[in-house]
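Below is one structure; the comments refer to it alone.
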Amino acid sequence: RVKDKIARVSGAEVEITDRPCLLELRGSRLQRKKAHKYALGIMAQRTGPVTLQEDYTDGDLTMLTVPQEAVGFVTGQNGNFLRGIEEEWHSIMFFVDVDIARGSRK
């Protein structure tokens, strides 16, 4: 579940209600900031590539270049391999549209 993943990675308590559609975050300022950031990234990836800005990192970002021919392997069938890595390493992983180190599109 998405809320459990956000809570595990950010350290914040996360509640999602259907009516009205509301995301409630509890924890320290940093935990809430990270949970909010991760929730926005997860929502963004549902509609296309995630775009990161220079100020996205709070010391919690590692970027790896994945060659186009390896994307299918890294993702796995129905995203299962990627989700398995997230579960094992308590992380959230995205394919991004911007190389923030150089500010160029990938």
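Numbering (this note's numbering), first residue to last: 4 to 109. No residue lacks a Cβ here, since even glycine has one placed at the ideal position from N, Cα and C. Owing to the predicted nature of the structure, the values given are computational and were not obtained by experimental measurement.
Pair within 8 Å by beta-carbon distance, residue i and residue j
i     : j     : result
Ala42 : Ile9  : yes
Val5  : Ala38 : no
Leu67 : Thr78 : no
Gly62 : Phe97 : no
Contacts around residue i, its chain only, beta-carbon distance under 8 Å, and the 5 residues preceding and following it disregarded
i     : result
His93 : Arg11 and Val12
Gln80 : none
Range of the contiguous beta strand (DSSP E) that encloses residue i
i     : result
Val17 : Glu16 to Thr20
Glu91 : Looking at the DSSP string, Glu91 is not in any beta strand (DSSP E); the run it does join, the alpha helix (DSSP H), is Asn83 to Trp92.
Leu28 : Leu25 to Arg29
Secondary structure of residue i, DSSP reduced to three states
i     : result
Arg49 : coil
Val69 : coil
Arg35 : helix
Arg11 : helix
Phe98 : coil
Thr78 : helix
Gly62 : coil
Leu55 : coil
Contacting residues, own chain, Cβ-Cβ under 6 Å from residue i (five flanking each side not counted)
i     : result
Gln34 : Ser13, Gly14 and Ala15
Same chain only: Cβ atoms within 7 Å of residue i, ignoring 5 sequence neighbours per side
i     : result
Arg29 : Ala15 and Glu16
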